[in-house]
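Chemist: Under our numbering, the residues of the sequence shown are numbered 2 to 402, in order.
By construction, the Cβ of each residue, glycine as well, lies at the ideal position given by its N, Cα and C atoms.
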Amino acid sequence: MIKLNEAFEIVLQYTQRLEMERVPLLRAAGRVLAEEVTSDLNMPPFQRSSVDGYAVLAEDLQRLPARLQVLGTIAAGTYPDFALSAGQAAKIMTGAPVPKGADAVQMIERTQSISTTVVEILEAVARGANISPLGSEARLGQVVAPAGNFISPAMIGLLASVGKHEVAAYRAPSVGLIATGDELVEISEQPVGAQIRNSNSYALYAQVESAGATPHALGIARDQKSQLRELIQRGLQHDLLLLTGGVSMGDLDLVEDVFAEFGFEIFFDKVAVKPGKPVVFARAAKTLIFGLPGNPVSASTIFELLVRPAIRKMRGNSVYQNQIIMARLTQRFANRSGRENYAPAWTWYENGAYYVRPLPSKGSGDMVTFAASNSYLICPIDRTELHADEQVQAMLRPEFF
Ligand code: AMP
Ligand code: MG
Numbered sequence: 002m003i004k005l006n007e008a009f010e011i012v013l014q015y016t017q018r019l020e021m022e023r024v025p026l027l028r029a030a031g032r033v034l035a036e037e038v039t040s041d042l043n044m045p046p047f048q049r050s051s052v053d054g055y056a057v058l059a060e061d062l063q064r065l066p067a068r069l070q071v072l073g074t075i076a077a078g079t080y081p082d083f084a085l086s087a088g089q090a091a092k093i094m095t096g097a098p099v100p101k102g103a104d105a106v107q108m109i110e111r112t113q114s115i116s117t118t119v120v121e122i123l124e125a126v127a128r129g130a131n132i133s134p135l136g137s138e139a140r141l142g143q144v145v146a147p148a149g150n151f152i153s154p155a156m157i158g159l160l161a162s163v164g165k166h167e168v169a170a171y172r173a174p175s176v177g178l179i180a181t182g183d184e185l186v187e188i189s190e191q192p193v194g195a196q197i198r199n200s201n202s203y204a205l206y207a208q209v210e211s212a213g214a215t216p217h218a219l220g221i222a223r224d225q226k227s228q229l230r231e232l233i234q235r236g237l238q239h240d241l242l243l244l245t246g247g248v249s250m251g252d253l254d255l256v257e258d259v260f261a262e263f264g265f266e267i268f269f270d271k272v273a274v275k276p277g278k279p280v281v282f283a284r285a286a287k288t289l290i291f292g293l294p295g296n297p298v299s300a301s302t303i304f305e306l307l308v309r310p311a312i313r314k315m316r317g318n319s320v321y322q323n324q325i326i327m328a329r330l331t332q333r334f335a336n337r338s339g340r341e342n343y344a345p346a347w348t349w350y351e352n353g354a355y356y357v358r359p360l361p362s363k364g365s366g367d368m369v370t371f372a373a374s375n376s377y378l379i380c381p382i383d384r385t386e387l388h389a390d391e392q393v394q395a396m397l398r399p400e401f402f
């Protein structure tokens, strides 16, 4: 059995960033840039007013109020066909080009219009005030976003402003999902006797999507080697293959045996983490494979701890870790597992501090409690107890924050 951080390192060691592809800008959000983007223009492309007000010569405002002659009005999108000299001003809108001769803009709130041709400026402004000089944000040809940057909505805006209707981004992994178990039925069915619905494929489907990868549910394999072989064979066309169930110590836990028969390289099969001790990590020619535990809370948790970081690396992200914060524990927490414990919890921010409350989970099959959590309380492997009011680590689930 290896520790969680060792498992994490091994997973990342064998995970490669995928190749790049060209994607339409509106499909690129959440991906990672695979090219250096330069500006195809000066930003701003002219001396731009950043407020609604009056373009002036700062020197004219030494005695206040300063009464100035208004030469005209400049709206965004038009160039003024006049220049200002001493004693003159122009009404100007946000985003409009500042006329020649002007060296500052005073905001409209600090002026008093006397007539269409006369204005009183009530307060002085420094030279350059409320003017964005030509090229002050980026010069023509300048790199505005290096390769490797995350394509956030703000980045989409920047790429749009430099005319990138298509960008090179790293490909998102395609992920095959296989459920295993004789007891499983489709969710449209009514389970009878000892049957249960295949919920794992649905939860993982949603997790894969939220991690920015493309899920493909491949169905349920019964606990027979022939069925496992067949579905796994189909799964090998994906970058990543996730199986659930069949990895613990029962007679019908055949997943690891089948991996070995296929000749997959197996890197580990047990991790000292709760929930989810049995986890098989393996590699075929082009596919990374996880045999996740069958218990729903375990499967979902191991996805967060090991699979989501791998997806991040495949997508070209430079940060793989989950977001962990320090929070004040609301009540005592016992950890008798001898493993690093990730307990379903609720974390919130109040009056300048984070708090974390472990939820009363009935175990790794308890989806009701798990579904009410937004985070994990982390108890280190060497602690059997965490005290109330102690500062502890909490791992935030990315969908909630
Ligand atoms: P296993 O690891 O196959 O022994 O499964 C452990 C537990 O998880 C058992 O109670 C299974 O019934 C349950 N389980 C396995 N696969 C699924 C699944 N796809 N959806 C929901 N529960 C599952
Ligand atoms: Mg099973």
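Should residue 236 be listed as close to the ligand AMP, given that the test is whether its C-beta is under 8 Å from any heavy atom?
Modeler: no
Chemist: Could you pull out every unbroken beta strand (DSSP E) segment of at least 3 residues lying fully inside the stretch 287-316, listed in chain order?
Modeler: 289-293
Chemist: Looking at the structure shown, is residue 323 part of a helix, part of a strand, or coil, going by DSSP?
Modeler: coil
Chemist: What residues match up with residue 217 in a beta bridge as DSSP calls it?
Modeler: 177
Chemist: In the DSSP assignment, what residue or residues form a beta bridge with residue 342?
Modeler: 275 and 380
Chemist: Residue 371 by DSSP, collapsed to three states: which one?
Modeler: Residue 371: helix per DSSP, three-state reduction.
Chemist: Suppose you measure from the CA of residue 18 to the CA of residue 230; what does that come to, to the nearest Å?
Modeler: 27 Å
Chemist: Are the CB atoms of residue 332 and residue 397 nearer to each other than 9 Å?
Modeler: no
Chemist: On a CA-only basis, which of 310, 198, 137 and 255 is nearest residue 292? Give me that one, please.
Modeler: Nearest neighbour of residue 292 by Cα position, chosen from 310, 198, 137 and 255, turns out to be 255.
Chemist: Does residue 50 come out as helix, strand or coil in the three-state DSSP assignment?
Modeler: strand
Chemist: Here's the rule: buried if 16 or more other CB atoms are within 10 angstroms of the residue's CB, otherwise exposed. What is residue 358?
Modeler: Label assigned to residue 358: buried.
Chemist: Indicate whether the contact test is met: 3 or more Cβ pairs, each with one atom in the stretch 177-193 and one in the stretch 211-229, closer than 8 Å.
Modeler: They touch, by the three-pair rule.
Chemist: Between the stretch 235-242 and the stretch 280-292, can you find at least three pairs of beta-carbon atoms closer than 8 Å?
Modeler: yes
Chemist: Is residue 261 helix, strand or coil when you go by DSSP?
Modeler: helix
Chemist: Looking only at its own chain, which residues have a Cβ that is under 8 Å from the Cβ of residue 160, when we skip the five neighbours before and after it?
Modeler: 26, 29, 38, 146, 152 and 168
Chemist: Measure the C-alpha to C-alpha separation of residue 272 and residue 280 and round it to an integer number of angstroms.
Modeler: 7 Å
Chemist: Is residue 87 near residue 72, with beta carbons less than 9 Å apart?
Modeler: no
Chemist: Near residue 301, which residues of its chain fall below 6 Å by C-beta distance, leaving aside the five closest residues on each side in sequence?
Modeler: 204
Chemist: Just to confirm my understanding: we take residue 171, look at its own chain, exclude 5 residues before and 5 after, and list those with CB closer than 7 Å. What are they?
Modeler: The residues are 18, 19, 21, 32, 33, 35, 316 and 317.
Chemist: Is it buried or exposed for residue 328, if we count other Cβ within 10 angstroms and need 16 for buried?
Modeler: buried
Chemist: If you measure between the beta carbons of residue 392 and residue 307, is that distance less than 9 Å?
Modeler: Contact flag unset, no.
Chemist: Please determine whether the Cβ atom of residue 302 lies at a distance below 8 Å from any heavy atom of the ligand MG.
Modeler: Every heavy atom of the ligand MG is 8 Å or more from the Cβ of residue 302, so no.
Chemist: Under a Cβ-count criterion, where at least 16 other Cβ atoms within 10 Å of its own Cβ denotes burial, should residue 156 be classed as buried or exposed?
Modeler: Buried, since its Cβ has 16 or more Cβ neighbours within 10 Å.
Chemist: Out of 120, 381 and 395, which has the shortest C-alpha to C-alpha gap to residue 374?
Modeler: 395
Chemist: For residue 80, is the classification buried or exposed, using 16 other Cβ atoms within 10 angstroms of its Cβ as the cut-off for buried?
Modeler: Around the beta carbon of residue 80, fewer than 16 other beta carbons sit within 10 angstroms, so the residue counts as exposed.
Chemist: Which of helix, strand or coil does DSSP assign to residue 436?
Modeler: Not covered by the structure: residue 436. The range shown for the chain is 2 to 402.
Chemist: Cα separation between residue 102 and residue 139?
Modeler: 24 Å
Chemist: Using only the alpha-carbon positions, how far apart do residue 243 and residue 371 sit?
Modeler: 20 Å
Chemist: Excluding five sequence neighbours on each side, which residues of the same chain lie with their C-beta closer than 8 Å to the C-beta of residue 63?
Modeler: 125
Chemist: Assign residue 137 to buried or exposed, taking buried as 16 or more other Cβ atoms, counted over all protein chains shown, within 10 Å of its Cβ.
Modeler: Exposed, because fewer than 16 other Cβ atoms sit within 10 Å of the Cβ of residue 137.
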